[in-house]
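**Q** Sequence lines, in order, name chains W and P.
To convert a position in the first sequence, counted from 1, into this note's numbering, add 501.
To convert a position in the second sequence, counted from 1, into this note's numbering, add 501.
Below: one structure in structure tokens.
There are 2 protein chains.
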Amino acid sequence: MIIRSLLTDDNPFNSTKEIRQWIEQRNREVDVRVEKIPFDRLKMWHSDPDGSIRHDSGRFFSIVGIDVTTDYGTNNHWRQPIILQPEVGYLGILTKEIDGVLYCLMQAKIEPGNVNCVQISPTLQATKSNYSRIHSGKSPHYLEYFVNAKPENIILDQLQSEQGARFMRKRNRNIIIKVEEEVPVLEDFRWMTLGQIKELMHYDNIVNMDTRTVLSGLKISDYVTPLDGLKGMSGFGRDMILSSTTNHAHISTRDHLSWLTGLKAKYDLFVSFCPVNEMPGWRKTATEIVRDDGKYFKIIGVNVTISNREVASWCQPLVQPMQQGLCAFIIKKINGVYHFLVQAKLECGNFDVVELAPTVQCLTGIIPRNVDLQPEYYQYIMNARKEQIIFDTLQSEEGGRFYKEQNRNMIVEADEDFPLEVPDRYTWMSLRQIYKFLRFNNYLNIQARSLISALSYK
Amino acid sequence: MIIRSLLTDDNPFNSTKEIRQWIEQRNREVDVRVEKIPFDRLKMWHSDPDGSIRHDSGRFFSIVGIDVTTDYGTNNHWRQPIILQPEVGYLGILTKEIDGVLYCLMQAKIEPGNVNCVQISPTLQATKSNYSRIHSGKSPHYLEYFVNAKPENIILDQLQSEQGARFMRKRNRNIIIKVEEEVPVLEDFRWMTLGQIKELMHYDNIVNMDTRTVLSGLKISDYVTPLDGLKGMSGFGRDMILSSTTNHAHISTRDHLSWLTGLKAKYDLFVSFCPVNEMPGWRKTATEIVRDDGKYFKIIGVNVTISNREVASWCQPLVQPMQQGLCAFIIKKINGVYHFLVQAKLECGNFDVVELAPTVQCLTGIIPRNVDLQPEYYQYIMNARKEQIIFDTLQSEEGGRFYKEQNRNMIVEADEDFPLEVPDRYTWMSLRQIYKFLRFNNYLNIQARSLISALSYK
Numbered sequence: 502m503i504i505r506s507l508l509t510d511d512n513p514f515n516s517t518k519e520i521r522q523w524i525e526q527r528n529r530e531v532d533v534r535v536e537k538i539p540f541d542r543l544k545m546w547h548s549d550p551d552g553s554i555r556h557d558s559g560r561f562f563s564i565v566g567i568d569v570t571t572d573y574g575t576n577n578h579w580r581q582p583i584i585l586q587p588e589v590g591y592l593g594i595l596t597k598e599i600d601g602v603l604y605c606l607m608q609a610k611i612e613p614g615n616v617n618c619v620q621i622s623p624t625l626q627a628t629k630s631n632y633s634r635i636h637s638g639k640s641p642h643y644l645e646y647f648v649n650a651k652p653e654n655i656i657l658d659q660l661q662s663e664q665g666a667r668f669m670r671k672r673n674r675n676i677i678i679k680v681e682e683e684v685p686v687l688e689d690f691r692w693m694t695l696g697q698i699k700e701l702m703h704y705d706n707i708v709n710m711d712t713r714t715v716l717s718g719l720k721i722s723d724y725v726t727p728l729d730g731l732k733g734m735s736g737f738g739r740d741m742i743l744s745s746t747t748n749h750a751h752i753s754t755r756d757h758l759s760w761l762t763g764l765k766a767k768y769d770l771f772v773s774f775c776p777v778n779e780m781p782g783w784r785k786t787a788t789e790i791v792r793d794d795g796k797y798f799k800i801i802g803v804n805v806t807i808s809n810r811e812v813a814s815w816c817q818p819l820v821q822p823m824q825q826g827l828c829a830f831i832i833k834k835i836n837g838v839y840h841f842l843v844q845a846k847l848e849c850g851n852f853d854v855v856e857l858a859p860t861v862q863c864l865t866g867i868i869p870r871n872v873d874l875q876p877e878y879y880q881y882i883m884n885a886r887k888e889q890i891i892f893d894t895l896q897s898e899e900g901g902r903f904y905k906e907q908n909r910n911m912i913v914e915a916d917e918d919f920p921l922e923v924p925d926r927y928t929w930m931s932l933r934q935i936y937k938f939l940r941f942n943n944y945l946n947i948q949a950r951s952l953i954s955a956l957s958y959k
Numbered sequence: 502m503i504i505r506s507l508l509t510d511d512n513p514f515n516s517t518k519e520i521r522q523w524i525e526q527r528n529r530e531v532d533v534r535v536e537k538i539p540f541d542r543l544k545m546w547h548s549d550p551d552g553s554i555r556h557d558s559g560r561f562f563s564i565v566g567i568d569v570t571t572d573y574g575t576n577n578h579w580r581q582p583i584i585l586q587p588e589v590g591y592l593g594i595l596t597k598e599i600d601g602v603l604y605c606l607m608q609a610k611i612e613p614g615n616v617n618c619v620q621i622s623p624t625l626q627a628t629k630s631n632y633s634r635i636h637s638g639k640s641p642h643y644l645e646y647f648v649n650a651k652p653e654n655i656i657l658d659q660l661q662s663e664q665g666a667r668f669m670r671k672r673n674r675n676i677i678i679k680v681e682e683e684v685p686v687l688e689d690f691r692w693m694t695l696g697q698i699k700e701l702m703h704y705d706n707i708v709n710m711d712t713r714t715v716l717s718g719l720k721i722s723d724y725v726t727p728l729d730g731l732k733g734m735s736g737f738g739r740d741m742i743l744s745s746t747t748n749h750a751h752i753s754t755r756d757h758l759s760w761l762t763g764l765k766a767k768y769d770l771f772v773s774f775c776p777v778n779e780m781p782g783w784r785k786t787a788t789e790i791v792r793d794d795g796k797y798f799k800i801i802g803v804n805v806t807i808s809n810r811e812v813a814s815w816c817q818p819l820v821q822p823m824q825q826g827l828c829a830f831i832i833k834k835i836n837g838v839y840h841f842l843v844q845a846k847l848e849c850g851n852f853d854v855v856e857l858a859p860t861v862q863c864l865t866g867i868i869p870r871n872v873d874l875q876p877e878y879y880q881y882i883m884n885a886r887k888e889q890i891i892f893d894t895l896q897s898e899e900g901g902r903f904y905k906e907q908n909r910n911m912i913v914e915a916d917e918d919f920p921l922e923v924p925d926r927y928t929w930m931s932l933r934q935i936y937k938f939l940r941f942n943n944y945l946n947i948q949a950r951s952l953i954s955a956l957s958y959k
């Protein structure tokens with residue numbers, strides 16, 4: 502049906518321009534004040550004797566210390582703070598087909614850490630503590646549609662990971678449902694087409710991370726029937742959709758599974774909890790948990806006050822990055838089929854040792870000058886010519902946990918002479934294979950999913 | 502090619518009878534003495550002050566205590582001992598095609614806990630401590646074939662779990678390789694066809710658990726081409742193979758994934774380590790870690806002496822079960838396709854909260870008399886008529902960790918009027934769908950895989 506959902510900008514509810522204006526207006530109307538305060542002034546939070554920071558309810562999330570031992574990479578033992586949130590939250594998008602076009606009910610949501618205060622978010626974004634009312638607040642909007650969804654109304658329903666360097670084995674339930682009935686559109690919500698959301702991803706920091714992860718799992722070709730309806734499309738969009746359907750692949754899925762099994766068996770990853778007060782290279786002050794060398798990230802405590810129609814105020818810890826990052830896929834047509842150069846990357850909070858990551862995923866503040874010590878393919882991305890760059894935008898991480906964290910997201914098409922031979926931890930996957938791994942839990946990491954969600958088909 | 506591999510008993514190397522005689526002879530030749538001794542006499546092992554039992558090398562495996570909190574089932578908080586072995590070991594079968602038939606190089610292997618001392622084992626069965634020579638022994642036989650296998654020689658290569666009630670997130674690399682070159686057949690090894698191994702599974706405790714888990718992943722239909730070569734087969738075998746290839750399924754894989762996501766999101770499973778000395782209901786004596794009520798299992802220390810050509814002797818802890826178990830699948834033809842009634846089961850050591858388990862998986866010593874309190878479908882299995890029973894054998898658990906543990910393995914075909922409606926935690930999967938989940942890590946638990954490996958096609 503829904504090829505038009507990908508392309509259309511003739512949304513009878515809101516044009517893309519109107520959506521942007523709406524987000525801007527929301528931003529003007531709201532006053533978000535984030536004040537850094539000492540940890541001992543965080544209301545409803547306390548520090549344990551070992552230095553970890555916990556919510557008084559015992560649920561929600563905590564900042565704890567971990568001790569990591571691994572034989573991957575050059576740093577084989579370290580300690581660091583990490584976010585512990587062992588609950589599975591909902592990230593849900595409610596959709597509805599109207600006149601043959603799929604519309605997503607999206608929310609203009611404020612998060613304290615957002616670079617732009619207001620970003621386009623899923624219909625439902627709720628931790629288990631939220632929806633089981635640990636905070637004794639109201640039940641989240643639209644929750645009942647997701648809780649009561651029948652199998653035939655569920656388009657997608659996957660457990661997917663969050664940042665493995667910052668979260669301890671955190672996962673969310675990424676779910677898209679399609680309803681038949683009339684749905685009331687509440688004040689902070691708007692109907693948007695997929696094409697519109699993908700277009701908005703070309704602007705910096707407008708579409709939030711949760712929206713990106715949920716939409717990454719939506720295999721476009723499942724919603725484009727018949728495929729010969731592709732006539733109106735550009736060469737790139739058509740080729741990308743065909744690459745998501747063809748069985749032709751440079752490397753078989755069997756070989757990918759064996760490659761991943763080999764890497765998961767090869768690398769040890771031992772993680773145990775340790776006192777926050779006993780992490781070499783880190784110190785906890787009254788206001789921060791921070792590294793002596795100023796690298797990576799720090800933990801801060803904030804008091805948040807959000808004023809628009811009502812005033813809301815609360816305290817919480819946030820993770821503040823010390824440098825920006827880069828997440829980039831190199832893609833290449835092999836025998837006419839688009840393939841992605843995927844990296845198997847170990848991060849300490851990964852659920853299953855290694856996950857599939859973009860070709861390049863690194864912090865950009867600490868790149869060594871010596872090219873030999875730089876991340877694999879970093880120079881290739883940095884030196885890409887303008888016509889190779891398919892996507893290049895700053896995207897935010899989750900503003901409920903991260904303070905103004907943004908990463909440069911890039912997709913770069915390789916030259917024809919780009920070598921097919923790649924190092925051990927890298928492989929080529931067709932778009933169809935990527936979607937196959939996406940269906941099963943915990944294969945693609947969040948940085949890879951963010952980039953996949955940005956694929957547009959214009 | 503290899504339909505004959507499934508059926509043939511005309512193995513030019515050894516008939517099935519010769520294999521059985523060989524195992525019996527090996528059993529006569531060997532003297533295995535397992536003497537229970539106090540923990541403080543376990544050479545190379547020590548008890549930590551908290552009561553946990555560890556190998557002096559710091560590797561291999563340990564017996565530790567865990568504290569479990571979950572909202573699954575009726576018992577929501579408990580402590581128990583568990584085997585901690587955070588390394589991925591190899592379970593590998595080397596195969597070779599000779600005259601169009603696939604032969605597996607199998608080993609007659611002694612393990613201290615085996616009910617029959619000698620069982621048919623994979624070519625390679627090695628912990629990482631083994632093959633990285635923590636014990637400063639020799640490198641395991643045939644290891645180099647697996648380490649050096651090229652992608653095109655790897656038939657199957659998966660990470661699969663062990664018993665979630667006894668092992669803490671333990672996984673092994675299940676791998677089958679196919680070589681072209683001549684392979685020397687060492688003294689304890691024999692070439693066997695798949696059909697022979699499956700036939701031997703109909704005898705109690707001859708084919709070991711590691712063989713069963715590796716072979717479970719071998720999707721038979723991949724090795725039966727063309728499918729119209731099925732003419733010589735029985736109705737059951739032919740129907741089972743066709744059920745493993747057809748796309749027709751009572752419930753879609755998308756619905757299965759959503760069902761599993763929902764259950765994984767619904768159930769909390771919090772597991773942390775606790776002192777062995779502080780586990781209510783359990784006590785550690787000089788010789789045992791055992792429950793006050795005598796249920797489930799206990800940990801013992803043993804001195805093992807194996808004498809045949811040479812004498813080997815070592816000490817280790819073992820898990821001794823206090824009762825037998827039952828693992829049973831109910832299967833049913835739905836629209837001509839065999840479906841398995843699968844249960845999503847939470848066990849404390851599971852890698853990912855719930856795994857797909859047989860219809861019934863329980864200990865048989867503690868079944869309540871009150872039918873309402875019995876495990877779901879238990880009565881159906883117990884009352885199955887003879888003609889419904891497709892498979893019914895005692896199978897051993899891994900004799901390197903478990904002392905004389907055996908479980909009754911059953912496959913029962915449901916009557917025509919068996920209801921398709923099943924409780925929340927249960928679903929129907931076609932054989933093809935089961936193999937699909939098997940390809941990805943950690944979906945089917947070891948009890949389910951053991952039963953799948955027993956499927957024969959005669």
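Glycine included, C-beta positions come from ideal geometry on N, C-alpha and C.
If we cut at 8 Å on Cβ distances, does leucine 644 (chain P) have a partner in chain W?
**A** With 8 Å as the cut-off, leucine 644 (chain P) does not count as an interface residue toward chain W.
**Q** Does chain P have any CB closer than 8 Å to the CB of threonine 624 (chain W)?
**A** Output row for threonine 624 (chain W): interface = no.
**Q** Quick one: measure Cβ to Cβ for isoleucine 721 (chain W) and serine 744 (chain W), integer angstroms, because I've assumed they're closer than 8 Å.
**A** About 11 Å; that fails the 8 Å criterion.
**Q** What are the start and end residues of the alpha helix (DSSP H) that includes alanine 766 (chain W)?
**A** Unbroken alpha helix (DSSP H) run through alanine 766 (chain W): 754 to 767.
**Q** Should arginine 940 (chain W) be flagged as near chain P, meaning a C-beta pair shorter than 8 Å?
**A** Yes - at least one Cβ of chain P is within 8 Å of the one on arginine 940 (chain W).
**Q** What is the C-beta distance between leucine 960 (chain W) and isoleucine 621 (chain W), in whole angstroms, given that I count them as a contact (C-beta under 8 Å)?
**A** Here chain W covers residues 502 to 959 and nothing more, so residue 960 (chain W) does not appear.
**Q** How long is the line joining the alpha carbons of serine 717 (chain W) and phenylalanine 941 (chain W), rounded to whole angstroms?
**A** Their Cα atoms are separated by approximately 13 Å.
**Q** In whole angstroms, give me the CA-to-CA distance for cysteine 775 (chain P) and glutamine 821 (chain W).
**A** Going from the Cα of cysteine 775 (chain P) to the Cα of glutamine 821 (chain W) covers about 33 Å.
**Q** Contact criterion: CB-CB distance below 8 Å. Does valine 923 (chain W) meet it with respect to chain B?
**A** Annotation note: the requested chain B is absent from the structure, which comprises protein chains W and P.
**Q** Drop a sphere of 10 angstroms on the beta-carbon of methionine 502 (chain P), count the other beta-carbons inside from all chains shown, and report buried for 16 or more, exposed for fewer.
**A** Low confidence applies to methionine 502 (chain P): its pLDDT is 46, below 50, so where it sits in the model is not reliable, and the reading given next is rough at best. Burial call: exposed.
**Q** With three or more C-beta pairs closer than 8 Å as the rule, is the stretch 766 to 785 of chain P touching the stretch 812 to 830 of chain P?
**A** Verdict: no, contact absent.
**Q** Specify whether the stretch 581 to 596 of chain P and the stretch 656 to 676 of chain P touch according to this definition: at least 3 beta carbon pairs, one from each stretch, less than 8 Å apart.
**A** Short answer: they touch.
**Q** At 9 Å on the CB atoms, spell out the chain W contacts of serine 813 (chain P), in chain order.
**A** The sequence as given places alanine at residue 813 (chain P); serine does not occur at that position. Simply none; closest approach about 27 Å.
**Q** Threonine 570 (chain W) by DSSP, collapsed to three states: which one?
**A** Looking at threonine 570 (chain W) - three-state DSSP - the assignment turns out to be strand.
**Q** List, in order along the chain, the chain W residues whose C-beta lies closer than 8 Å to that of valine 589 (chain P)?
**A** Near valine 589 (chain P) (Cβ distances below 8 Å), the residues of chain W are Lys765 and Ala766.
**Q** Can you name the residues of chain P whose CB is closer than 8 Å to the CB of glutamine 659 (chain W)?
**A** By Cβ distance, chain P contributes Leu758 and Thr762.
**Q** State buried or exposed for alanine 787 (chain W), treating a residue as buried only when at least 16 other CB atoms are found within 10 Å of its CB.
**A** The residue in question, alanine 787 (chain W), is exposed, as its Cβ has fewer than 16 Cβ neighbours within 10 Å.
**Q** Who are the near neighbours of asparagine 515 (chain P) in its chain, counting only those whose CB is closer than 6 Å to its CB and skipping five residues on each side?
**A** The answer, listed in chain order, is Arg691.
**Q** Following the continuous alpha helix (DSSP H) through valine 648 (chain P), name the residue where it begins and the one where it ends.
**A** Where valine 648 (chain P) is concerned, the enclosing alpha helix (DSSP H) stretches over 644 to 648.
**Q** Would you say methionine 502 (chain W) lies against chain P (beta-carbon separation less than 8 Å)?
**A** Summary for methionine 502 (chain W): the model assigns pLDDT 46, below 50, so the residue's position carries little reliability, and this model does not support an answer.
**Q** Could you confirm whether any beta carbon from chain P is found closer than 8 Å to the beta carbon of arginine 521 (chain W)?
**A** Chain P contact via Cβ: absent.
**Q** Can the beta-carbon of tryptophan 760 (chain W) be found closer than 8 Å to that of histidine 840 (chain W)?
**A** No; because the gap between Cβ atoms is not below 8 Å, this pair is not in contact.
**Q** Determine the closest residue to valine 715 (chain P) out of P:Met734, P:Ser633, P:Lys796 and P:Leu625, with distance taken between C-alpha atoms.
**A** When each option's Cα is compared against that of valine 715 (chain P), the closest is P:Leu625.
**Q** Proline 652 (chain P) versus chain W: which residues are under 9 Å apart at the beta carbon?
**A** In chain order: Ile752, Ser753, Arg755, Asp756, Ser759 and Trp760.
**Q** Any beta carbon of chain W sitting closer than 8 Å to that of phenylalanine 771 (chain P)?
**A** Yes, its Cβ sits closer than 8 Å to a Cβ of chain W.
**Q** Which same chain residues, not among the five before or five after isoleucine 538 (chain P), have their C-beta less than 6 Å away from its C-beta?
**A** Taken in chain order, the residues that qualify are Gly802 and Asn804.
**Q** Restricting to Cα atoms, I'd like to know which of P:Asn654, P:Glu612, P:Asp549 and P:Cys618 is closest to lysine 597 (chain P).
**A** Looking at the Cα atoms, P:Asn654 is the closest of the given residues.
**Q** Rank W:Leu864, W:Arg909, W:Tyr904 and W:Asp916 by C-alpha distance to the C-alpha of tyrosine 881 (chain W) and give the top, closest one.
**A** Taking only the C-alpha atoms, the option nearest tyrosine 881 (chain W) is W:Asp916.
**Q** Can you list, in chain order, the residues of its chain whose CB lies under 7 Å from that of aspartate 549 (chain W), leaving out five sequence neighbours each side?
**A** Excluding positions up to five away in sequence, the list reads Arg555.
**Q** When you compare the CB of arginine 555 (chain P) with every CB in chain W, is at least one pair closer than 8 Å?
**A** No, because no Cβ of chain W sits closer than 8 Å to the Cβ of arginine 555 (chain P).
**Q** The beta strand (DSSP E) that contains arginine 555 (chain W), what's its start and end?
**A** 554 to 556 is the span of the beta strand (DSSP E), which, as asked, contains arginine 555 (chain W).
**Q** First and last residue of the alpha helix (DSSP H) that includes methionine 710 (chain W)?
**A** Counting along the chain, the alpha helix (DSSP H) containing methionine 710 (chain W) begins and ends at 710 to 717.
**Q** Counting only Cβ pairs nearer than 8 Å, list the residues of chain P close to glutamine 890 (chain W).
**A** Here residue 890 (chain W) is isoleucine; the residue named in the question, glutamine, does not match the sequence. By Cβ distance, chain P contributes nothing, its closest Cβ being about 33 Å from isoleucine 890 (chain W), past 8 Å.
**Q** Does proline 652 (chain W) come out as helix, strand or coil in the three-state DSSP assignment?
**A** In the structure shown, proline 652 (chain W) sits in a helix (DSSP, three-state: H, G or I).
**Q** Can you tell me whether asparagine 577 (chain W) is buried or exposed, with buried defined as 16 or more other CB within 10 angstroms of its CB?
**A** With fewer than 16 Cβ atoms within 10 Å of its Cβ, asparagine 577 (chain W) is classed as exposed.
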